[in-house]
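Engineer: To start, I am sharing the structure in question, which I have written as structure tokens.
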Amino acid sequence: PTSFYNAGWSHGKEKLGDEPDFAKASYYFNPLTDVPGTKDEREKYPASYPCNKWPNEDDLPQLKDFKQSAQKLGKIMHQAVAHVAKHIDVMATKKVVGYRKELLFDAMKH
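Residue numbers (my numbering): 11 to 120.
Structure follows, in structure tokens:
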């Protein structure tokens, strides 16, 4: 399926100047869900709510368990971000007048 550079395998989709950048490749995915947002949000803002595009393991058996491993790593990274957010909130609460307790953590926890 066609996608922006920000979902699935990206090789030559991103540009360097006006030319496709074939010197690098990336794999982009949402670690929390395969289908983010609502149908309306995905239609209205496709660049902000791309659905995950996973390689077919039948076609590429060397990528067996890639999806599960990538999602597991993504969840670990998300948990780490939420943990750091708690500490940032503590500091910000002390230094910023009117800062709402756990503001950043609340945004990162889901």
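Positions of the beta carbon are idealized from the N, C-alpha and C atoms, including for glycine. None of the values given here were measured: they were computed from a predicted structure.
Check whether the Cβ atoms of A57 and Y38 sit closer than 8 Å, and answer yes or no.
Structural biologist: Not in contact: A57 and Y38 (Cβ atoms no closer than 8 Å).
Engineer: To test your reading of the DSSP string, which unbroken beta strand (DSSP E) runs of 3 or more residues are found completely within the stretch 12-76?
Structural biologist: For the stretch 12-76, whole beta strand (DSSP E) runs of length 3 or above, ordered along the chain, are 18-21 and 35-38.
Engineer: Can you check which of these residues, H93, D50 and K25, is closest to K34 by C-alpha distance?
Structural biologist: Closest option to K34, Cα to Cα, is K25.
Engineer: So what's V100 in DSSP terms, helix, strand or just coil?
Structural biologist: Residue state, collapsed to three classes: helix.
Engineer: Helix, strand or coil for G84? Go by DSSP, reduced to three states.
Structural biologist: Helix.
Engineer: Thinking L114 and A95 are a contact (beta carbons under 8 Å), I'd like their distance in whole angstroms, please.
Structural biologist: With a Cβ gap of about 4 Å, L114 and A95 count as contacting.
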